[in-house]
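Right, one structure below, let's go through it.
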Amino acid sequence: MNKAIIGFVGGLVLGAGLTILYLHRDLIAAAINGEELPEAPEGCPFSKTEATEDVQL
137 MNKAIIGFVG
147 GLVLGAGLTI
157 LYLHRDLIAA
167 AINGEELPEA
177 PEGCPFSKTE
187 ATEDVQL
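Residue numbers 137 to 193, in this note's numbering, belong to the letters of the sequence shown in order.
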């Protein structure tokens with residue numbers, strides 16, 4: 137029973153991690169290639185910065 141619970145939780149964590157990697161694939165590719173980073177999508181908390189704010193990454 138313990139192996140089943142560990143497998144289930146491990147599967148959830150792995151699935152969430154792969155989903156995050158998939159959603160951020162453009163950002164990761166741009167960072168690796170040294171290109172300009174893409175704009176943040178509307179739902180992202182980082183997209184709510186105003187033009188007057190100085191954001192440093």
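Note that beta-carbon positions come from the ideal geometry of N, C-alpha and C, so glycine has one too.
My output table needs one value for GLY170: the three-state DSSP class, helix, strand or coil.
Correct three-state label for GLY170: coil.
Rounded to whole angstroms, what is the Cα-Cα separation between ALA176 and GLY170?
C-alpha separation (whole angstroms): 17 Å.
What does the alpha-carbon distance come out to for the pair VAL149 and ILE156?
Whole-angstrom Cα-Cα distance: 11 Å.
Provide the residue span of the alpha helix (DSSP H) that contains ALA140, from first to last.
138-159 is the span of the alpha helix (DSSP H), which, as asked, contains ALA140.
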